[in-house]
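Colleague: Quick note on numbering: our numbering labels position 58 of the sequence shown as 52, and the sequence is numbered without any gaps. Think of the CB as a built atom: it goes at the ideal place given N, C-alpha and C, for glycine as much as any other residue.
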Amino acid sequence: MRIILPSTAKARGLRFYFTGERCLHGHVAKRITENGNCVECRRDIERRYDESSKGRKTQRRWRESRKGYATKRRYHESKKGRATQRKYDRSRKVRARRRPRK
Ligand SMILES: [Zn+2]
């Protein structure tokens, strides 16, 4: 990855910069210009939140909301969403579950 200093990123209005230095948790990753957070750390925090009971509740509330439902529907009707669904339908695990062998 090319080195982009925080000052350069700020001047150009980039969302990320990269110094090549490790963060506190040992990631060598891009940093968010706005707050200097490492994107890998950010991802860990988000994953932990998504897996927590509070995060799951929040996700469920979003999915069941009008806006969440519309977003989900839009995705499923998109080319990418349909392709993902097709791939899922074709996967072995799902086929086995749908047509159990006697
Ligand atoms: Zn990190």
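May I have a chain-ordered list of the alpha helix (DSSP H) segments no shorter than 4 residues that lie completely inside the region 37 to 78?
Modeller: With a minimum length of 4 residues, the continuous alpha helix (DSSP H) runs that stay inside the region 37 to 78 are 47 to 58, 60 to 71.
Colleague: Just how far apart, CA to CA, sit G62 and A77?
Modeller: Each residue's Cα considered, the two are about 20 Å apart.
Colleague: What I want to know is whether the C-beta of E100 ends up closer than 7 Å to one or more non-hydrogen atoms of ligand 1.
Modeller: With the chain running from -5 to 96 in the structure shown, residue 100 is simply not present.
Colleague: Tell me the DSSP secondary structure of R25 in three-state form.
Modeller: Reduced to three states, the DSSP call for R25 is strand.
Colleague: Could you work out which residue in R92, T27, K51, R54 is closest to L(-1) when comparing CA atoms only?
Modeller: Ranking R92, T27, K51, R54 by Cα distance to L(-1) puts T27 first.
Colleague: If I follow the unbroken alpha helix (DSSP H) through S1, where does it start and stop?
Modeller: Unbroken alpha helix (DSSP H) run through S1: 0 to 6.
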